[in-house]
Structure formats: C-alpha cells, structure tokens
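A.B. asks: For what it's worth, the working numbering labels the leading residue of the sequence shown as 3, then goes sequentially. Note that beta-carbon positions come from the ideal geometry of N, C-alpha and C, so glycine has one too. I have a structure here, written as structure tokens, and I will follow up with some questions on it.
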Amino acid sequence: MTDTFGCDRMRAAVLAAWTASPARFREDANAEEDFALGGYRDRLIVELAQNAADAALRAGVPGVLRLTLRGDVLTAANTGAPLDATGVQSLSTLRASGKRDEAGAAGRFGVGFAAVVSVTDAPSIGSRGFEAVRWSRTDTAALVAEIPALAGELADRSGHVPLLRLPFDEPPLVDIPEGFDTLVRLPLRDAATVEAVRRMLAETSPALLLGLPALELIEIDVEGETRRVVADGWHVVSDSGEFTPEQVAALFADRPTEERSRPFWSLRWAVPVTGTGEPGPLPASVPPVVHAPTPSDEPLDLPALLIASFPMATDRRHVAKGPLADFLVGKAADAYVRLLRELPRTSKLLDLVPAFMGKGELDARIRRAVLDRLPGTPLLPALSAPAPAVQTPSFADAEVYEPDAAWQVEQPAPEPEAGGWVVSGREAAVLAAGSAELLATVAAFVPGLLPAGWPPRHPAMTALGVRRVELADVVDLLSGEAVEGREPSWWRSLYEVLPVDDPESLGALPVPLADGRVVRGPRGTLILSDGGAELDLTPLGLRIVHPEAAHPALLRLGAAEATPRTVLEDPLTKAAVAQSLDSPEPEPVARAVLSLVQAAGLAPGEAPWLAELALPAADGELYPAGELMLADGALAGVLEPGGHLGIASAALEETYGSRVLAAAGVLDGFAVVHDEDVLLDPDECDHDLDGEVDWLDHVLDLLPELDVPPLIPEFTAVRDLELVADWPAALALLARPPLRAALHPLRIAGVEVPSYTAWWLARHPVLDGRKPLELRLPGADPLLQGLYADAPAGLDEGALSMIGVRTTLAELLASHGGPEELLDLMADESVEVDRAQLRALWVALAGVDPERVAPPSRVRAVLRGSIVVAAAEDAVVVEAPDLLQLVADRPLVLAPYDLAESLSELLDLPLAGELTTGEVTSAGEVREVPAEVRSLLPAAPGTYVEHEKLLVDGVECAWRYFEGAVHCTGVDGLARGLAWATGQWGDRLAVAALLRDPDAVPLLLAEADLS
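Written as structure tokens, this is what we have:
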C-alpha cells in the first residue's frame, strides 16, 4: 500500500512533537475533546453536509449527500472533488482549514470534522479511484504507549488519546455508491450514539441546504426507509462581497489571523413560500437561530432563516461582538428589506415585520436595523397615491424669517407601478374597518390607502408607521372640493358599502339633498316613499334626501323614511305653512304642501293646522286656507255674502280638486276647531269663537268649585256660526257627521255640560227665527204643551235635543236653570195652562231642590176656580183641604197636600195654616158616627160634632178637623171630615153616598174593591 496522502509523514511529525513536548500531546487531546463535546457535539450531520458542499463547490458539480444508517454504521456519500493530501492534512489538524482561499467555502475554522469524534472511535474516508484514510483511537493509543515520554500523560488521561491527529492509510473503499465520489464511514460507538444519530437525521431540514448552496440534495436512508431533503419552496435573497484592505484593517482588527486571510462575507435570508408565493411560517424542524452558516446558539425570532458569515466566538456557538458583526447586521437588515420587497405584496408581509423586542442581543440589533429601514421603504400596495410631501419655511432655510410665509407643497414624485401604487409605511394609511368595496370607493380621499385584507390592528402596522384611519376620519374627509360635483348616485354607491353598524362614526356622514345641498349627518333627513319621491318639496326647506342617493343605510343611521303624510307632520313643513302668509314666495310653498296633501290622501280635518296655509282666492288676494270656501261647497251656500271668508280661486280648484283643498283646510262645510287638553280658563281657552267667553262662564257656573281650572281632553267646536244666513241648510249640515260630534255634550268633573256649538245654537234664533230653548220637539211631553212652541218638523230630533229643544218636563227641570225657566213660563200670562197641567207642573216642581231656584215674583195660581197669574206676595200654598174655606179669596197654589211644604219652600210662599189659626168658634152637638161608615173607613172616629152653623175663625164653613174632632154641618161635611181624619181623603165621595143611602153599602164596597 502506497502512502498516497503522506499519512506516515504526518504521524511521525505528530509523534515527534508529542515526544518533544508531552504538553503538546495534552493540548491536542484537550482541544479535540473540547470541540467534540462542546461546539460540535451535535453537528455531525451539519459538518458532513458542509464537507460535501465544499467538495461539490471545488469540483463545480451539483452537490448531493447520501446519509445511510445501517445497524451501528453511518455512511455519508457525496459528489464533488475527491479527498486529497491537503484534505487529509486538514482533517488531521485542528484550527487549520485547508479552504481558507476558497471563496464560498463553508468550512472556515478547520475543526468541523472533529464532530465525528462524538459518535465514533474509528472513522474512515475515501474517494473513488483513490486510497482511503482512517483514524483509530485504538491504534493511536498503541503508538502513544510505545513512547516513554508520554507514559505519564497517557496514564493521567486513563488511556484517552486524540483520535484525529494520526491518520492511517486504508485500502480503497469498494462500497462507494454509484454516482457518488467520496464516502465517509462512521462505526457508531454504542446504542446511545445510534439513537442520537437517528435523532440528528430526523431533524435534518431544508435549512441545512439553504446554508450550503453548493449542496442541492440530501438523501437519508435509515434502515431502508429513505427521504429526500431539498430546498424547494423557499424564497431566498443573497448578498455577498469581498472586503477591501481598508475594511479588513477596520473590521478584522479583533479577529484571528486565520479569519483575516479570508476577506469574504456572505449572507442569505430564506423564507418558506406557499403556492401563491406568499411567505409562510418556518417549519418546526428549522431551529430559530442564526446560522453562521451552520446553526448557532444565537436566537433569532424572525419568521425567516438567516445564514450569514458572522464571526464566531471560540465556542463556535455564539457570534463574536465587534465591528465585523456590526457590519453584517447592517447588511442583513438591507437584505431583509429586499426580501420583503421581492415577496408578493399581500398582508402576509406583515408577519415578516419584526416586533420591537428580540430574544437575544443579536436578534434585537437585527430587528432595530430592519425597523430603521422599513418605514421609509416602498413596500405596501396602495389604492391611492401617497400624500404630497409638505414642507414649511424654516428659519434655517430662509435668509429672512417670515412667520406668515405660505406653505410649500411638493407633489409626490413616484408614479404608480404596473400593479398600482406602492408606498412606504410612513406614506400608507389603513382603514380601521371596511370592505373592499368601501376602500375602493373612498380611496380617492385617503392618500396611500391600503387595500382590503390588510389587518389594521396587526402590530406590524405600528412598526411600519402606517397611519390608522378611523371611519369617522374618512367621513371628515368627505368635504369641500373632494366631493364637489359628486353625483347623487355616487353617494348611494358609498352608502351601499358603508358599515352601518357603527352609527357613531357615521354621525357626520354627508347626505346630498334633493334641493342640491349637501348636509352633514343622516339624522334629521327624510327619505321619501309611497309616491313622494317625485314631489318638489324644495320650498319647504326640508332635508329631503336626493332620490338617486336614497339608500336603506341612511335609515339605520338616523334618517327617517318619510311618506307624504309624515312629511306633512315635519316641524319644518308646519313652520313653512305657519309662515306662508308672510313668505315672499307663498305660491311654491302652497304647491309643495298641496302636492303632499294629494299624495298622502289626507281627509278633511286630519291636519287642522293646514288651515294656516296661504292660498289664492277668487278675488286675487291671499287667504289662510281656513278662511277660504269652495265655490260650490255646502258652506258657501249657507253663509251671508260679504263676510270675511273668501272663495278659493278657480285655478286652484281645477288643479288640485275640491277633495285636496278641503283636506288642506279650505272650507267645504263648516270649519271645525280641534284642540286637546284645553284648560277652562279665559287665558287658555281662546279659539276666536263667537261668544266663547260666555260659553266658558256658563260651563264654569255648572261645575262645582275646583282648586284648579278643569281640563277638557278634547275640544271640538264649529266656527263661523254667526255668519250663517240659511239656517235650515246649516242645521242639516250640523246634524250630520262629522259636524254632529261638535253637538255632543261634554263631561267635566263628573258633570255633563253643553258643548260650545250646542250652547251657541241653543241661544240663537236658528229654528224658524226661534231659539231652540223656546221650542219643544213635536209630540213631546204634553205637560210642556202651551209652554213651548213646536220645533219645525222634519229635523233630526236627536240633534234638536242636543241644541236645547225641549223634550220632557223631567229633562227641563234637570237642566241648568230649567226650573226657573219653567216658573218664568208659568208666570207668563200669554201662556195658556189648563188646571190638570198646572197641578202636574206643581207636582214636578215640588221635587226640585230649592237651592236651584230663586223665588219667583209672580206665580200661576187658582183664584175662585179660575187659573190666574198672581203676585207671589198674594199667593198661598194650601196644605189641608179644610183650610180652603179660610183662604178662598186668595190665589191658591194647589197640589197634593203632602207636597205643600216643598212648594212653600221652593216658591217662598206661606202655607194656609200660617195665615189662619183655624179655630172652631161655634158650638155643636156630639153625635155617634153611623156604624156603616166603618165598612169604608175602618179607622173612623166613634163621634163627631154636628153644628147648625159651623164657624171657623168667624168664617162659616162646611167642615173642619180641629183638635182631633170632626166638626161639620151636613152629610157632605161629615163625609169630608171623616175621610180626612182617617187619612182616606180619596174615599170622601163614597162616604157621602153611604151616608145618604146606607143600602148602597154593598155596591160601594164592590166599587172600592175595584179601585
């Protein structure tokens, strides 16, 4: 076997050095052990891949590495340059890489192969067509044991010797796989080592290939199960360069000489991408650390893989601080920004924007460097151009400081790219909420507006300096020249895409009106429907949304859906109507209001306030609608000509028709006053009605005393009654609905009182020149016969009753002032009353409360059998029939004796017993009352006093019941006295007949039974 690689020479040189200096032996053993158990303890696969990549780079061929684990042997076959003597020397030497002049080589320190020491004691390596080389801990120990000078060191180390310092020649390897050039064979030390290698093989990821660009493929075969590791699906940005001598002097001053001899730098960022090219998360198999180029212990919490030629500390695990590291941090930040610019401009970019806090010092420095660059980097797609750059004069820039100098504005220089505007974070704005359609609609108002899909609350937005625009801010921008000339349809398209679930932000949303104005805020605007959209309502000053801009979103934001009827009820409409007489242009107001009345189908009386609308009359003057009559209306035919009411113009009636004009308040029939919650107080109850104050006084007289004025919930009254000329026609109108309702009495505080209309009619000559109060219904209560004339026939009796036409005596007496009215009529000598009627009237009056009546000065009475009207001071009320003989010369108020006291009190007249003592002044003879009398009068007294001539108070009388005894002068007197004494006054005639003919008793008893 030939010594192809100079292994014998290298062994001899190393052994000689160890012999000469046992400390050198100890130093080499310790250094190898430090690397194997320290910085390179878990980098076996990485270092094998690194050597394969360097071999492929030297040969200029695609690098492929096949790792095969069979039992306890791991082999690594790779393509590329074969093993040579320099390579063997490098593998057998610590800290002396043979690749220092190779730009792009991964191996830099000459210690990577030491990683095999952690898993094997007998590694070997060979290339196709060449002899192989091996290392053996056993053979090295045997050679060291032959050197006496090293016996002590060997004993101190318990026989442990360096593995890789003494290479041995090996016959060519015959099991190099087809297509590969070099094979590394590693017999694994023990079962634990086999499991560790399995784990390292399982953790091998595409990140390894990204750090070794010369290596294209890693094939892993574990006991026959194979997998391929490739770097597909990654977006990579690379940068590299060579240091100038000046840079080497400045940046490598604190670095070892071996590193200064390699004045190259390189770095690359890699991020996994999806099928659409968007960045995705790093695979779990990729450790989140800086790769330099193999994984270090420097954490990097960015969602991208960084592979850079950072200077490493002696532990090969951490980046060494210094100017070289600072230089590479800046280059890494530049490359990271370029990575983001090369990726698709979607919201996934935000996931690559670093947060402010890092997981380590190097991580934080890289983040800060990136964040310093990103806000000013054109990175984000925009729907609109960025805002113009604005500069203001400053004292430093001006020769003379002018505080009032105008602003200087520079328009943005960049033009939109093929795919649209690309802006930096500082130029960008993101809408807090909204759809793609909304963003497209408002983009023209928001400079640098990001499209839909860019989350406004993403932390990266703050890091990039993106301005967050609230919906309310967008609404504020919709003003001035920005929206001038916008068609109403454009506004509708805006409302279509607005998020109406945020009414607070949209409170000041501009709304175009039908009159050309644009107002702020939907609240208070009206959207016309039900045929109102075509109406010209401009003269009313209403905030009517333009029909082409109307949208349901406005309703949800406070606009009101208005029908013609609701528009009529709007305060602005009412104000326009109220001011129409004083308006410089009343006709447009009238047209607008009448068109609303027509569209609303309003009925007369529904909107009484319309009576104030100024309308033209036939005489060319303006009148309130409530003071105009329809030319052919019912009212015009019943009123006196020349009154204050006008006639509506013919053109007006021809244009709108009588129904619309009547609904607007023009009078077809009588005008009706409607009011609610009216206080019956002279200052409150004032409707400009004829005699309203008198009616109010009348009503208050009917009511009990109250602490506060009473309230009428609903007040209805017919106006202009004083202007009527044709009362039959007018009454016919008033008797029919709806005017009939004005006749109904009111109930206030539990008392029924007449309505104003009924009260007015009752007191005016509206029935054939007579007041209703002077008339009775035809065929009404016969007791009223002669007292009242009959009302005209053919009229509605219910209406006549409500306006005061008398119906019954009871109704008359129950009415306010009715008893006094009856007494006055009874005292009227022109009124004829028969005796039966007179008695019935007194009977009825006896039931009246005296407090309701003022005593009359004249009364209807009976004098010597005739009905007369007498002075009250002459009249007397008779309370007993035996006193009639004593007051026969005076006018007598005659009624059933049991009502005498009530009438006396009511009329303030004396009773007969109060005018005479009724004392019997003559003598008579006591006689027995015939027994037959008791058959009719069971309680008859046993005796009576018979007088030849009976004198009472000196007056000759027929009978007298005095002091419990009956005094009489004949049969008739005896019959009257006995009937009165027993309380059976009605049987006096029967008793007289019995006394004259006792045999007639059976017949009289039979007649009594029939009574």
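Distance, Cα to Cα, residue 1009 vs residue 778?
C.D. replies: Going by the C-alpha atoms only, they are around 41 angstroms apart.
A.B. asks: Could you tell me if residue 482 is buried or exposed, where buried requires 16 or more neighbouring beta carbons within 10 angstroms of its beta carbon?
C.D. replies: Exposed is the call here.
A.B. asks: So for residue 889, helix, strand or coil by DSSP?
C.D. replies: Three-state result, residue 889: coil.
A.B. asks: Could you tell me which residues DSSP puts in a beta bridge with residue 80?
C.D. replies: DSSP lists 67, 184 as partners of residue 80.
A.B. asks: Determine the closest residue to residue 913 out of 877, 165, 923, 943, with distance taken between C-alpha atoms.
C.D. replies: Ranking the options by Cα distance to residue 913, first place goes to 877.
A.B. asks: Taking the C-alpha atoms as reference points, what is the distance between residue 926 and residue 932?
C.D. replies: Rounded to whole angstroms, residue 926 to residue 932 spans 18 angstroms at the Cα level.
A.B. asks: Rounded to the nearest angstrom, what separates residue 73 and residue 218 at their Cα positions?
C.D. replies: The alpha-carbon atoms of residue 73 and residue 218 are separated by roughly 27 angstroms.
A.B. asks: Can you find the residues in the same chain that come closer than 7 angstroms, C-beta to C-beta, to residue 794, ignoring five residues on each side of it along the sequence?
C.D. replies: Around residue 794: 769, 770.
A.B. asks: How should residue 46 be labelled, buried or exposed, when 16 other C-beta atoms within 10 angstroms of its C-beta is the threshold for buried?
C.D. replies: When all chains shown are included, residue 46 counts as buried.
A.B. asks: Quick one: what's got a C-beta closer than 8 angstroms to residue 26's C-beta in the same chain, skipping five residues either side?
C.D. replies: Correct list, in chain order: 19, 20.
A.B. asks: Taking DSSP as the reference, what is the three-state secondary structure of residue 858?
C.D. replies: DSSP places residue 858 in coil when its eight states are reduced to three.
A.B. asks: To the nearest angstrom, report how far apart residue 266 and residue 243 are at their CA atoms.
C.D. replies: Spanning the two alpha carbons is a distance of roughly 6 angstroms.
A.B. asks: On the premise that residue 632 lies in contact with residue 663, defined as a C-beta separation below 8 angstroms, what is that separation, rounded to the nearest angstrom?
C.D. replies: At roughly 6 angstroms, the Cβ-Cβ gap stays under 8 angstroms, so residue 663 and residue 632 are in contact.
A.B. asks: Could you compute how far the alpha carbon of residue 231 sits from the alpha carbon of residue 497?
C.D. replies: Spanning the two alpha carbons is a distance of roughly 54 angstroms.
A.B. asks: What would DSSP say about residue 170, mapped onto helix, strand or coil?
C.D. replies: Looking at residue 170 - three-state DSSP - the assignment turns out to be strand.
A.B. asks: Return the CA-CA distance between residue 826 and residue 800, expressed in angstroms with no decimal places.
C.D. replies: The alpha-carbon atoms of residue 826 and residue 800 are separated by roughly 26 angstroms.
A.B. asks: Using CA atoms only, rank isn't needed, just tell me which of 32, 62, 135 is closest to residue 4.
C.D. replies: Measuring from the Cα of residue 4, the nearest candidate turns out to be 135.
A.B. asks: Using only CA atoms, which one of 962, 733, 850 lies nearest to residue 909?
C.D. replies: The shortest Cα separation from residue 909 among 962, 733, 850 belongs to 850.
A.B. asks: Hey, residue 456 and residue 476: beta-carbon distance below 8 angstroms or not?
C.D. replies: No, they are not a contact pair.
A.B. asks: Use the C-beta contact count for residue 254: other C-beta atoms within 10 angstroms, 16 or more gives buried, fewer gives exposed.
C.D. replies: Residue 254 should be labelled buried.
A.B. asks: The ligand NAD and residue 119: does the residue's C-beta get closer than 7 angstroms to at least one heavy atom of that ligand?
C.D. replies: Annotation note on the ligand NAD: not contained in the displayed structure, which lists no ligands.
A.B. asks: Taking all protein chains shown into account, decide if residue 371 is buried (16 or more other Cβ within 10 angstroms of its Cβ) or exposed.
C.D. replies: The residue in question, residue 371, is buried, as its Cβ has 16 or more Cβ neighbours within 10 Å.
A.B. asks: Distance check for residue 609 and residue 696, CA to CA, integer angstroms please.
C.D. replies: Spanning the two alpha carbons is a distance of roughly 28 angstroms.
A.B. asks: Do residue 189 and residue 235 have their C-beta atoms within less than 8 angstroms of each other?
C.D. replies: No, the Cβ-Cβ distance between residue 189 and residue 235 is not below 8 angstroms.
A.B. asks: Based on Cα-Cα distance, which residue from 293, 305, 298 lies nearest to residue 286?
C.D. replies: It is 305 whose Cα lies nearest to the Cα of residue 286.
A.B. asks: Between which two residues does the alpha helix (DSSP H) harbouring residue 729 extend?
C.D. replies: Looking at the DSSP string, the run of the alpha helix (DSSP H) that includes residue 729 is 729–736.
A.B. asks: Sort out for me which residues DSSP pairs residue 899 with in a bridge.
C.D. replies: Partner(s): none; residue 899 has no beta bridge.
A.B. asks: Okay, do the region 932–943 and the region 990–1004 touch, 3+ Cβ pairs below 8 angstroms being the bar?
C.D. replies: With the cut-off at 8 angstroms, the region 932–943 and the region 990–1004 touch.
A.B. asks: Less than 8 angstroms between C-beta atoms, sequence neighbours within five positions excluded: which residues of the same chain meet that for residue 835?
C.D. replies: Counting only Cβ-Cβ distances below 8 angstroms, and skipping sequence neighbours, we find 788, 789, 828, 843, 862, 869.
A.B. asks: Using the three-state DSSP reduction, which class does residue 52 fall into: helix, strand or coil?
C.D. replies: Here residue 52 sits in helix by DSSP.
A.B. asks: The beta strand (DSSP E) that contains residue 329, what's its start and end?
C.D. replies: Where residue 329 is concerned, there is no enclosing beta strand (DSSP E), although the alpha helix (DSSP H) it sits in stretches over 325–344.
A.B. asks: Under 8 angstroms by Cβ, that's how I've got residue 545 and residue 579 pegged, so tell me the actual separation to the nearest angstrom.
C.D. replies: At roughly 17 angstroms, the Cβ-Cβ gap does not stay under 8 angstroms, so residue 545 and residue 579 are not in contact.
A.B. asks: Tell me the rounded alpha-carbon separation between residue 252 and residue 446.
C.D. replies: Approximately 52 angstroms between the Cα atoms of the pair.
A.B. asks: Using DSSP bridges, identify the partner residues of residue 967.
C.D. replies: Answer is 964, bridged to residue 967.
A.B. asks: Would you say residue 666 and residue 616 are within 8 angstroms of each other, going by their C-beta atoms?
C.D. replies: Not closer than 8 angstroms, so no.
A.B. asks: Of all the options 294, 377, 322, which has the alpha carbon lying nearest to the alpha carbon of residue 48?
C.D. replies: Of 294, 377, 322, the residue nearest in Cα terms is 294.
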